[in-house]
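J.:
Numbering (this note's numbering), first residue to last: 159 to 342.
1) Report the CB separation of residue 224 from residue 258 in whole angstroms; it is logged as a contact under 8 Å.
2) Taking the beta carbon of residue 306 as the centre, do at least 16 other beta carbons fall within 10 Å, making it buried, or is it exposed?
3) Could you say which of 291, 323, 318 and 250 lies nearest to residue 304 if we only look at CA atoms?
4) How would you label residue 198, buried or exposed, when you count the other beta carbons within 10 angstroms and need 16 or more for buried?
5) Just list the beta strand (DSSP E) runs in the segment 163 to 208, keeping only unbroken ones of 3 residues or longer that don't cross its boundaries, in chain order.
6) May I have a chain-ordered list of the alpha helix (DSSP H) segments no shorter than 4 residues that lie completely inside the segment 244 to 296?
7) Can you tell me which residues form a DSSP beta bridge with residue 306?
8) Express the C-alpha separation of residue 209 and residue 159 in angstroms, rounding to a whole number.
9) Within its chain, find whatever has a CB closer than 8 Å to the CB of residue 320; leave out the 5 residues flanking it on each side and keep chain order.
10) Within 10 angstroms of its Cβ, does residue 219 collect 16 or more other Cβ (buried), or is it exposed?
11) If you follow the beta strand (DSSP E) that residue 299 is in, where does it begin and where does it stop?
12) Where does residue 314 sit, in a helix, a strand or coil, going by DSSP?
13) Please check the pair residue 279 and residue 301, which I expect to be a contact at CB under 8 Å, by giving their CB distance rounded to whole angstroms.
Set out below in structure tokens:
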């Protein structure tokens with residue numbers, strides 16, 4: 159695994175584009191995660207930079223990455239992305255990778271009991287709101303009090319995005335609201 163030098167870390171945390179992703183890189187430098195799940199991976203640029211950075215911080219290469227995305231099932235209205243095959247080709251050398259095609263709610267409902275707990279959960283703003291709303295219950299099952307959950311938001315009226323920390327109590331609240339809606 160290649161070591162990322164001081165200037166590359168400086169570039170990632172202070173000058174890389176999109177600017178909103180810099181908070182992810184800073185977080186990884188402070189708290190090196192071993193298990194990452196990303197919901198909505200898009201074009202893979204962020205995932206490749208993030209996994210490369212985490213790999214440079216770990217000596218044993220014990221990084222596990224799970225990526226949930228629609229891949230080939232993208233709708234014309236969805237943001238651009240890569241195919242499942244391209245994602246495997248580009249990410250398999252960076253971590254132990256598990257890629258799951260489909261909507262995040264159906265993917266998480268099938269797998270949450272088998273995935274275990276993650277250190278870092280990334281939820282992209284590109285996810286469909288309906289699918290995300292149905293996912294909170296399952297997200298609650300793959301985190302613990304030490305997990306960091308980062309939710310990407312879009313600034314109103316601009317293309318700017320930023321990552322916000324969502325605490326476990328808020329996830330629990332969202333999960334219970336989802337259950338109440340289902341119960342009627």
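Positions of the beta carbon are idealized from the N, C-alpha and C atoms, including for glycine.
T.: Walking through what the data contain:
1) 7 Å
2) buried
3) 323
4) buried
5) 193 to 197
6) 262 to 273 and 287 to 291
7) 278
8) Because residue 159 sits at a pLDDT of 49, beneath the cut-off of 50, its placement in the model cannot be relied upon, and the following sentence gives the value as read from the coordinates. Those two C-alpha atoms are separated by around 11 Å.
9) 178, 181, 310, 311 and 313
10) exposed
11) Counting along the chain, residue 299 falls outside any beta strand (DSSP E), and DSSP gives it neither H nor E.
12) coil
13) 6 Å
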